[in-house]
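Residue numbers (the working numbering): 9 to 822. Built from N, CA and C at the ideal position, the CB exists for glycine as well. Written out below as C-alpha cells is the structure these notes cover.
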C-alpha cells in the first residue's frame, strides 16, 4: 500500500495522455520535471506571500510599540509645566518638585535672539542644570555624540531640524541673543551675547514629536552667559503615576507655581503620533491580510490542480484496496516537502523584509529599526503556512478521490439556468463554467477566484473611500480647526485694553483679496483650577462671513454664560456638553454648549482650549495690563484673515505683507495641526492598499481563465465539434471572466463602502476631526466599467488559446 502512495506522488495530471501521444520515456521525464517545477512554484509563492504577510504583521506590532519603546529608552517626560505663559519667568520649582505625584522635575530654558539669514526670531532651548538630557529625556544619538555639559559652545539637534535647516555634525550656528532686560518683540536689535554654537550630535527623543523641533544647548552655555542673555524657564516633569498624575500636577502647578499655570500632558499630546501610527498599523495589518489572501487564492488555485490529479487514478487504486484516506495521503504526500520548504522560505522572507518595517512615522519614531525576528509572529506563522499547504493538498485530494455523485441544483443553479435560457448559448455555457469547478481528472479552483474578485473590489472601494476622506480633510483644513488662511501679528503699540485697535483690523480687511478679518484673542485662563488656552473672536459686525472656530458637536457659545470646549480639555476636566465650569480669576460660571477645535501651537494641541463669546471673555478675563511680550499680562492676539476664493495663500500673504509693511510685526501662514500634517504623510497608504488588492483580483482571475482554458480543452473541443465557431469559444471565456467580475462588483461595492466609511469614522473620532462621511463618487462610478473592461481584457489571451485548439487531435487522444 505504501509503495502505491509513493509511486503516485510523482504523477502529473496528464502523464498518461502524453505518454500515449509520444510513445517514449522522454515525455515521462519531461512530465516529471514539469511536475516538480509546479511544486517548486507552489512553494515559492507560499514562501513569498506568507513571508511578506508575516513581515507586515510583525511590522504592525513594532509600529504599535515604537513610541513606547522610545519613551522607555529615553526615560521620557510625562508633562511640561509652562510657567512662562503666566509671567513666572524664573519660579521656585522646589515646592512643585516635592509634590507627591512628581518623580523628577528638571527645569529647561528658552533664549531668544537673531540668527543671521533667518527672517524669524531665533529661539534656542537648553538644559539648565543638566537634568534634561540625563535624568529625563536621555536622547538616542543617531549621529555624532552627546554634548559636553561643561562646554559653552555645543548643542544637539533632532533629525528633522537637521534636515530642514541643512545642518550636520560640525555645523556652526551664529546666534545674537537679546539682553536680559530687552523686550524681544520691540523690534530693537539684540544687545546680548553673541554666540557661535557647534552641532555635535543629531538625536532622537520624544519632545521632537510631541512638542517642538529640538535645538538643545549644553548647560555650559547658560553657565557662561547667564548674565548676558534673555532667558526664561519652564520644566519637564516625570510623574510617579504616569499620565494618571497629570490632573494632580495641573492643580499643584496652579497652587505652587503661579495661578493658571498651563501644563501640557505629553500623554495626551502623544495622540499627535498615535493617530498616524494607528493608521500605519492598520494599513500594515490590512496589507498583511491582503498579502495572505493573495497567497491563499493563488496557492489554493495551484493546489487545486496539483493535488486533484489523484482523480484520474482513483478508480484503479480503489479497486486494489486503497481507501479514500489512502488516496488523500497519496495526493498530498508530494506536497509535504513543498510545505516544509514554504515554512523555511517564509522565515527567510520575513526576516529579510523586517528591515523595512515599521514604515512612515513609525519608522522615524522607532529607536532601533532594522532586521528583527518577532518569533511570536514568525514561528506560528511558519507552522500555519506549512499546515495550510499540506492540509489544503490533503483536503483537495480527498475531495478529488471521492466517488462521483449527482448534486442537486441550488439557488446558484437556478440563476444559471435562467441565464442559459435567456442569453446566447456561448454566454450561457461561459456562465455555467464560471462556477463549475469539476473537470473529471482535475479540479479547476473557481471559488478562490470568486473570493479574490470580491475581496479585490471591496478592498479597492474601502481603501479609496478612506483615501477620499483623507483628501477631503486635507483640502478642507477647517475640518481640523484651521478656519482662516493667515495671521497678522500686531505690534505692541496696537494693543488696547481689549484686543487690538479696531482701525488696524479695518485696514487689513480693506486690502484687496481679503474676504474678512477679525481679532482673535488667546490667553491661558483658569478653568476649574487648571490653566487652559482661552479664545474669543472679535469679528466686525459688518462682515458677511465672520471668522469662527470649528464646532464638531453641539453649538458655539451665544452669550456671556456659555462656552465651547476642546475634546481633550473636556476629557482632562471630566466634563461634558451641558455641564458648568468656572473661568478666570473671578471664577465665572459658564455652561458648555459644544465641542470645538482651535488653532494649535507648541503649548497646546488643537483640541485643547475653551471658547468664550466676546461678552463672556470680557466678563471673565482681565483686561490687558501692559504691552510687554513676556513681562505683561496680555492676550496674545492675532488678526485672523480669510482670503477670497480667487486668491491663494501665498498670493494673499504677499499682498498683505506689501500693504502692511512696517505697520505690523509680520504676516504668517496659518499653522496646520501636527495631526493634519501626519495624516498628509500617510495618505498614500490607502492608495497602495487599493492597488495591491486590485492586483490580487487580477492575478486570481487571470490564473482561473488560463487554468480553465487548459483543463477544459476537451470540453471546448466537443463544443467545436458540435458547431461552435472560434468566435463563440472566445465568448465562452469572456463570459466566464465577466460573470465573476459582476459577482465581485455586486458583493464588493456595498461591503467596501460600509467598511471604508466605518474606518474613516473611527479615524475622525480618534484625531479628532469634523466627521463628513466620505463618498468616493468618482471611484464608484469608474470601478464598474473599469472592472468589466479589465475582465474582458484578461480573457483575451486564454480565449485566443481556446480558439486555436487542435480539435481533432484532442478528441483522438480522448
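Of the listed residues the options, nearest to residue i (C-alpha basis)
i, options, result
"residue 482", "780, 110 and 86", "780"
"residue 92", "53, 267 and 689", "267"
"residue 292", "386, 64, 541 and 625", "64"
"residue 8", "788, 140 and 171", "The shown model of the chain, from 9 to 822, leaves out residue 8, and the question about it has no answer."
"residue 630", "515, 716, 533 and 503", "533"
"residue 135", "126, 527, 544 and 118", "118"
"residue 228", "488, 158 and 70", "158"
"residue 509", "349, 647, 147 and 244", "647"
"residue 407", "359, 348, 462 and 333", "333"
"residue 606", "599, 543 and 564", "543"
For residue i, three-class secondary structure by DSSP
i, result
"residue 723", "helix"
"residue 171", "helix"
"residue 677", "strand"
"residue 402", "helix"
"residue 749", "helix"
"residue 289", "helix"
"residue 310", "helix"
"residue 377", "coil"
"residue 151", "strand"
"residue 186", "coil"
"residue 713", "helix"
"residue 636", "Residue confidence is low: residue 636 scores 44 on pLDDT, short of 50, so the model does not pin down where it sits. Its coordinate-derived value is still stated next. Three-state result, residue 636: coil."
Inter-residue Cα distance where the pair is residue i and residue j
i, j, result
"residue 96", "residue 68", "44 Å"
"residue 805", "residue 695", "29 Å"
"residue 763", "residue 388", "28 Å"
"residue 530", "residue 283", "26 Å"
"residue 253", "residue 247", "6 Å"
"residue 152", "residue 210", "6 Å"
"residue 586", "residue 601", "6 Å"
"residue 757", "residue 809", "32 Å"
"residue 224", "residue 620", "37 Å"
"residue 832", "residue 199", "Since the first and last residues shown for the chain are 9 and 822, residue 832 lies out of range."
"residue 98", "residue 518", "43 Å"
"residue 793", "residue 474", "21 Å"
"residue 234", "residue 185", "11 Å"
"residue 114", "residue 690", "35 Å"
"residue 322", "residue 335", "7 Å"
"residue 588", "residue 202", "51 Å"
"residue 541", "residue 262", "14 Å"
"residue 555", "residue 161", "46 Å"
"residue 182", "residue 603", "45 Å"
"residue 187", "residue 147", "30 Å"
"residue 567", "residue 164", "49 Å"
"residue 245", "residue 522", "44 Å"
"residue 774", "residue 734", "58 Å"
"residue 752", "residue 740", "19 Å"
Cβ-based neighbour list, residue i, same chain, cut-off 7 Å, excluding 5 preceding and 5 following
i, result
"residue 596", "590, 627 and 628"
"residue 249", "109"
"residue 661", "494, 675 and 677"
"residue 563", "601 and 602"
Assigned exposure category for residue i - 16 Cβ within 10 Å defines buried
i, result
"residue 120", "buried"
"residue 652", "exposed"
"residue 786", "exposed"
"residue 132", "buried"
"residue 811", "buried"
"residue 122", "buried"
"residue 2", "Because residue 2 is not part of the residues shown, which for the chain are 9 to 822, the question remains open."
"residue 166", "buried"
"residue 558", "buried"
"residue 616", "buried"
"residue 578", "buried"
Own chain partners of residue i with C-beta closer than 6 Å, once the 5 adjacent residues on each side are dropped
i, result
"residue 90", "242, 270 and 611"
"residue 799", "745, 746 and 749"
"residue 390", "351, 354 and 355"
"residue 791", "none"
Contact test: residue i Cβ vs the ligand GDP heavy atom, cutoff 7 Å
i, result
"residue 479", "For the structure depicted, the ligand GDP is absent and the ligand set is empty, with no information on it obtainable."
Beta-carbon proximity list for residue i, same chain, < 8 Å, skipping 5 on both sides
i, result
"residue 802", "706, 709, 710, 713 and 745"
"residue 277", "218, 219 and 613"
"residue 504", "632"
"residue 53", "303, 306, 307 and 310"
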